[in-house]
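Input: a single structure, listed below in structure tokens.
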Amino acid sequence: MAEDKQQQASKSKNVLGQPLSWFAKGEGYYKDGYCHHSASDDKQPRGNYSIAATLTHSFLQSEYGDDKPYKGHSAGQKMCLSAHDFKSAVREMGPDTGPKVDLSATDERALEVVSLDLLKNYAAKGASKSENKGAEGAQGSARQGGGAQGVKVKEGSQIGGDQGQGSRDKSQNVKTDAKPEGSGGQKG
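Shown next as structure tokens:
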């Protein structure tokens with residue numbers, strides 16, 4: 139059963155037409171780390187939890203208001219968002235305050251609700267640069283940085299345990315919060 143879910147994630151495409159990248163431990167409909175669309179999402183009134191994003195304080199205020207706790211969520215948390223909720227929330231905020239979207243980990247089904255241009259406006263800094271280059275540019279960046287083919291590799295301090303991923307995911311679909319290319323060396 140877990141293998142079927144893994145195969146579904148590996149067949150999914152992101153909004154850039156490339157294989158969907160792993161996003162965050164425990165996220166997604168199957169809690170497998172991928173923001174891939176599930177057929178059961180279609181049955182929910184506000185389904186399509188396909189947008190891989192890092193939450194911001196402004197987004198949380200928009201969703202939950204000032205006086206309410208944020209239902210266990212916090213700014214900086216990675217989460218698979220409903221495309222419908224994302225679309226309605228960003229109407230009220232600009233790209234500087236909205237959730238930061240990881241285009242490589244956002245399922246192509248998000249495009250049924252929001253445009254690629256809108257998603258690019260909210261792309262996480264550094265992520266959209268290499269993603270807009272396409273697969274060839276990303277592979278070149280990885281070779282320069284010594285990473286796996288087509289992806290950036292996490293810094294040593296960011297690497298956790300197995301995180302429930304198969305060997306394919308460790309070598310090809312590693313997700314990172316590393317600094318954007320050309321932003322300097324080690325943290326000071």
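Using this note's numbering, the letters of the sequence shown map in sequence onto residues 139 to 326.
Even for Gly, the Cβ is constructed at its ideal location relative to N, Cα and C.
Keep in mind it's a predicted model, so treat the numbers as computed, not measured.
- For Leu198, the enclosing alpha helix (DSSP H) starts and ends at 195–202.
- Assigned with DSSP and collapsed to three states, Lys263 falls in coil, not helix or strand.
- Counting every other CB atom within 10 Å of its CB across the protein chains shown gives His174 a total of 16 or more, marking it as buried.
- Note on Lys216: 16 or more other CB atoms within 10 angstroms of its CB, so buried under the neighbour-count rule.
- For the pair Leu158 and Ala262, the CB atoms are not nearer than the 8 Å cut-off.
- Restricting attention to Val251, Lys209, Asp234, Leu241, the CA atom closest to the CA of Ser226 is found in Val251.
- Counting along the chain, Lys225 sits inside no beta strand (DSSP E); it lies in the alpha helix (DSSP H) bounded by residues 221–228.
- Classified as exposed, Glu230 has fewer than 16 neighbouring CB atoms from the shown chains inside 10 Å of its CB.
- Boundaries of the beta strand (DSSP E) around Ala191: 189–192.
- Per DSSP, reduced to three states, the secondary structure at Asp255 is helical.
- A residue is called buried once 16 or more other Cβ atoms fall within 10 Å of its Cβ, and Ser212, having fewer, is exposed.
- DSSP, read as helix, strand or coil, puts Lys163 in coil.
- In this structure, the CA atom of Ala162 is about 10 Å from the CA atom of Thr192.
- Counting the other Cβ atoms within 10 Å of the Cβ of Gly171 gives 16 or more, which makes it buried.
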